[in-house]
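Numbers 4 to 582, taken from this note's numbering, label the letters of the sequence shown in order. All C-beta atoms in this analysis are idealised placements derived from N, C-alpha and C, irrespective of residue type, glycine included. Predicted model, so just to flag it, every value in this text is computed and none were measured. Here is the structure we will look at.
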Amino acid sequence: MTDTPRKTPDTLRSARWFAPDDLRSFGHRSRAMQMGYAPEEWAGKPVIAILNTWSDANPCHAHFKTRVEDVKRGVLQAGGFPMELPALSLSESFVKPTTMLYRNMLAMEAEELLRSHPVDGAVLMGGCDKTTPGLLMGATSAGLPMIFMPAGPMLRGNWKGKVLGSGSDAWKFWDERRAGNISDQDWVDIEGGIARSYGHCMTMGTASTMTAITEAIGLTLPGASSIPAADAGHIRMASTCGRRIVEMVWEDLVPARIQTRDAFENAIAVAMAMGCSTNAIIHVVAMARRAGCDISLDDFDAASRVVPLIANVRPSGDQYLMEDFFYAGGLPGLMTRLRDHLHLDALTVSGRTLGEDIAHAEIHNDDVIRPIDNPVYAEGALAVLRGNLSPDGCVIKPSACEPRFLKHTGPALVFDDYPAMKAAIDRDDLDVTADHVLVLRNAGPQGGPGMPEWGMLPIPKKLVKQGIRDMVRISDARMSGTSYGACILHVSPESYVGGPLALLRTGDLVTLDVPGRRLDMEVSEEELARRRAELAPPPARYERGYGWMFNKHIRQAHEGCDFDFLETGFGAPVVEPDI
Ligand code: FES
Ligand code: MG
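Take a look at the structure:
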C-alpha cells in the first residue's frame with residue numbers, strides 16, 4: 004500500500020529510550036522490569052500508547068475500564084507492547100460550566116503525553132462529545148501513527164415501550180412537564196429509562212457526529228463508529244485496533260498521510276448526510292487547522308447545498324437512533340450512497356483507500372439510511388449565515404427547525420446573560436409572542452466562558468402553555484447536538500469581545516433569511532455607531548488559572564476555538580525530547 008520504508012526495530016522511536024547501552028536507558032529498562040516485564044516483552048517492539056479517557060465521572064466511557072484490556076490483547080497479539088496512559092475524561096454529563104472549556108486542555112494533554120513518553124503509536128479511546136476532537140487534535144500535533152477507538156453509542160432508551168433518545172427526549176418531555184402534560188412519576192420513569200447502557204449518546208448528537216466524522220477522515224477502522232458500545236462486536240473492534248496500530252507503526256502510517264484536505268472534505272460530506280451536530284463545525288475547523296488544512300465555514304455551507312441528509316436519525320430524522328443505524332448498515336453503508344460526494348482514493352488507517360474499505364458495504368433498511376432520491380432533507384443539515392449581526396458567520400440547522408422560520412422577521416427580546424434569561428423566561432408577565440426572536444449574549448468562547456450549550460433557549464413558559472414548541476433564537480453559544488429548533492448559534496465575533504450582537508436591543512427587528520444566508524438587525528449604521536460608543540467593556544471572567552489562559556488565547560468560533568499557540572503555524576515545530 005505504500006512506498007514509505009517500513010520501520011525496523013532499531014528505527015523505532017521507543018528504541019531511543021530502551022536500546023542504548025547508557026545510564027539513562029539502564030534506568031528505563033530497570034524501571035520496566037520493576038513492573039514485572041522481562042526485556043523480551045518490549046525489546047525491538049512497537050510501544051503503543053493507549054490514551055484512555057475512562058473515569059468514574061464519565062458514564063459514556065464506563066466500559067473503557069475493561070475495554071482497554073481488549074485493546075492491549077490486540078497489541079500483544081500483533082507483537083507490540085501496550086502502555087495505558089490515562090487522559091482527561093471530559094464527561095459531557097458532569098463537567099461544568101462546559102466541556103468545551105477543556106477540549107483544548109485534553110488536546111494539550113494528548114499531545115504532550117505522546118511526545119514525552121517512549122511510544123511509537125497510539126490508540127485513542129474516546130467518544131463522549133469533546134473527547135474525540137480533543138484527542139485527535141493533540142495526536143495530530145504529536146504526529147505519531149494513531150487509530151481512534153470510538154466508545155460506541157449506548158442502547159436505545161425505553162419508557163413504557165416507547166423509544167427514548169438522549170438529550171432530544173429530555174428537552175421534549177421537560178417542555179411537556181412544564182405544560183403540565185405528564186406526571187411527576189412519568190418524569191422519574193423517563194429518568195430511569197433514557198440511558199440504559201454504557202456508551203455515548205445514541206441520537207445524532209455531537210458524539211455520534213464526531214466519531215462518524217473521524218471514520219470518514221480515515222482514522223477509525225472501517226465501520227467502527229457505528230457499533231453499539233454493548234455489542235460484542237465492539238470488543239472485537241477494540242482488539243482489532245490493538246493489532247492494527249502495531250502494523251501501522253511498522254508501515255510508518257502517520258496521520259499526515261491520512262488527514263489531507265480530501266479527507267476533511269469527506270468528513271464534511273458525511274456530516275451533512277448524517278444531519279450532524281452544529282458542534283461539528285467548530286471541531287472540524289480546529290482539527291483541520293491542526294493538520295495544516297484550511298477548512299472554513301464556507302466549506303460546510305457549500306457541502307450543505309449539494310449533499311442531502313439521508314441518515315434518518317433523530318433529532319433531524321423522525322424516529323430512529325444509532326442502534327437502528329448500525330443494523331441498517333452503519334456508516335460504511337451510508338458512504339456507499341455518497342460515493343459521488345466522496346474522494347474514494349483517500350487513505351485510511353486500514354492501509355487501504357476509503358473506496359476499498361466500503362467496497363462490500365450494504366444497506367439493510369432504506370428507511371433508516373435513505374436513498375439519495377428520497378432524503379430526509381434535500382439540502383444538507385447546516386447553513387452558514389452572515390449579516391450585520393454576525394459578520395464572521397453563524398450557523399443554523401434548518402433540518403431541525405419549523406420551516407416557517409426559515410424566513411422570519413420579528414422583534415428581539417434580548418437577555419444579557421444566562422442568569423438573566425433564566426430568571427425571566429418562566430414569568431407569566433414576560434412581554435413575548437411566538438413571533439419574537441429570543442437573544443442570549445455573552446455566551447461565546449470568552450463570554451460563556453467556553454461557549455456553553457445554551458443555544459436552545461427555552462421557549463417561555465407562557466408560550467409553552469399555548470402549545471408553542473419552536474421560536475427563532477439567537478446566541479453566541481453552542482447547542483447540544485441532540486437539540487433542535489430554529490436556533491442560530493456561534494454568532495461570531497461574540498458579544499463579549501464587542502461583536503455586533505452586543506449592540507442589539509430589545510424591540511429591534513431582526514430578519515432571518517436562511518435561503519439567502521442572511522441574519523440582520525434592522526438598525527441604521529448611525530444608530531449602531533452611537534450604541535458602540537456607549538458600550539462598556541464587560542468584567543473579566545478570570546483573573547488567574549486555566550480560565551485566564553483560556554480567555555487570553557482562545558480563537559473565535561468560526562476559527563475553531565483552538566488556542567492560538569497550539570495551532571500548527573504558531574512558531575517553529577516542537578523538537579523531540581532529549582533522552
Ligand atoms: Fe457523553 Fe452525550 S453525555 S456523549
Ligand atoms: Mg452533547
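Proximity to residue i [Cα-Cα], best of the options
| i | options | result |
| --- | --- | --- |
| I477 | L504, A306, S33 and K175 | L504 |
| W177 | E254, G236 and V467 | V467 |
| P448 | Q469, A381, A543 and A480 | A480 |
| D343 | H367, A215, A291 and E268 | E268 |
| L139 | L79, E115 and G160 | E115 |
| I313 | T514, P100, G336 and F303 | G336 |
| P422 | R444, A539 and L512 | R444 |
| I216 | A362, G124, M290 and P406 | M290 |
| V310 | R181, R520 and D302 | D302 |
| G196 | A219, G183 and M157 | M157 |
| W457 | I361, T485 and R472 | T485 |
| Y487 | R520, I399, K165 and M424 | I399 |
| Y499 | E525, E112 and P452 | P452 |
| R508 | R521, E525 and L492 | E525 |
| R16 | R181, I248 and V252 | V252 |
| G501 | P463, L538, D255 and V578 | L538 |
| M152 | M240, R472 and L256 | M240 |
| I491 | R520, V352 and A145 | R520 |
| S527 | D511, L515 and V517 | D511 |
| P455 | W20, E95, R34 and E43 | E95 |
| A406 | D565, M474 and A362 | The sequence shown places Pro at residue 406, not Ala. When each option's Cα is compared against that of P406, the closest is M474. |
| H367 | T351, G208 and R340 | R340 |
| M111 | S211, T134 and F97 | T134 |
Separation of residue j from residue i, as counted between CA atoms
| i | j | result |
| --- | --- | --- |
| G541 | L506 | According to the sequence displayed, residue 541 carries Pro and not Gly. Their Cα atoms are separated by approximately 13 Å. |
| T143 | P258 | 6 Å |
| D304 | E562 | 15 Å |
| K10 | C244 | 19 Å |
| D327 | V273 | 18 Å |
| P8 | I238 | 32 Å |
| R535 | A426 | 27 Å |
| D429 | V122 | 55 Å |
| D431 | I185 | 21 Å |
| L167 | N161 | 5 Å |
| G125 | A18 | Residue 125 is actually Ala in this sequence, not Gly. Distance between the alpha carbons of A125 and A18: 16 Å. |
| S495 | G450 | 12 Å |
| A52 | F67 | 15 Å |
| G396 | D523 | 11 Å |
| T102 | M149 | 23 Å |
| H120 | A46 | 16 Å |
| M86 | V50 | 7 Å |
| A81 | E250 | 8 Å |
| M277 | P12 | 42 Å |
| D581 | N377 | 58 Å |
Closer than 7 Å: residue i CB and nearest the ligand FES heavy atom
| i | result |
| --- | --- |
| G168 | no |
| E115 | no |
| H66 | no |
| A210 | yes |
| D132 | yes |
| C204 | yes |
| S583 | Outside the displayed range of the chain (4 to 582) lies residue 583, so it cannot be described from this structure. |
| S96 | yes |
| C63 | yes |
Neighbour flag for residue i against chain D, beta carbons, 8 Å
| i | result |
| --- | --- |
| I471 | In summary, chain D is missing from the structure at hand, where a single protein chain is found. |
Check: residue i C-beta below 7 Å from any heavy atom of the ligand FAD
| i | result |
| --- | --- |
| N55 | This structure simply doesn't include the ligand FAD; it includes the ligand FES and the ligand MG instead. |
Next on the checklist: Is it the case that the stretch 373-393 contacts the stretch 272-285, given that we only count it when at least three CB pairs across the two stretches are under 8 Å?
Outcome noted: yes
Checklist entry - In the stretch 36-79, which residue ranges form an unbroken beta strand (DSSP E) of at least 3 residues, counting only runs that do not cross its ends? => result 50-55
Checklist entry - Residue ranges of each beta strand (DSSP E) run of no fewer than 3 residues wholly in the stretch 120-168, ordered along the chain? => result Qualifying beta strand (DSSP E) stretches, in chain order: 124-129, 149-153, 160-162 and 165-167.
Checklist entry - Should the stretch 84-98 be called in touch with the stretch 40-56, which here means at least 3 C-beta pairs below 8 Å? => result yes
Checklist entry - So, do the stretch 326-337 and the stretch 367-375 have three or more beta carbon pairs nearer to each other than 8 Å? => result yes
Checklist entry - Are three or more beta carbon pairs between the stretch 189-199 and the stretch 126-134 nearer than 8 Å? => result no
Checklist entry - For the 8 Å Cβ check, are there 3 or more pairs between the stretch 66-76 and the stretch 37-44? => result Between the stretch 66-76 and the stretch 37-44 there are fewer than three C-beta pairs closer than 8 Å, too few to call the two in contact.
Next on the checklist: Assess contact between the stretch 543-561 and the stretch 408-422, defined as three or more Cβ pairs (one per stretch) separated by less than 8 Å. Is contact present?
Outcome noted: The stretch 543-561 and the stretch 408-422 do not touch, with fewer than 3 CB-CB distances between them shorter than 8 Å.
Item to check | the stretch 347-363 in contact with the stretch 390-410 per 3-pair CB rule at 8 Å | outcome: no
Next on the checklist: With three or more beta-carbon pairs closer than 8 Å as the criterion, would you say the stretch 16-27 touches the stretch 58-68?
Outcome noted: Judged by Cβ distances under 8 Å, the stretch 16-27 makes no contact with the stretch 58-68, as fewer than three pairs qualify.
Checklist entry - Where in the stretch 435-465 do unbroken runs of the beta strand (DSSP E), each at least 3 residues long, occur, reported from the N-terminal end onward? => result DSSP runs (the beta strand (DSSP E)) wholly in the stretch 435-465: 440-443.
Checklist entry - Curious, which full-length beta strand (DSSP E) runs of at least 3 residues does the stretch 388-438 contain? => result List check, beta strand (DSSP E) in window: 397-399 and 410-418.
Next on the checklist: For a minimum of 4 consecutive residues, which ranges assigned as the alpha helix (DSSP H) are wholly contained in the stretch 461-522?
Outcome noted: Qualifying alpha helix (DSSP H) stretches, in chain order: 464-468.
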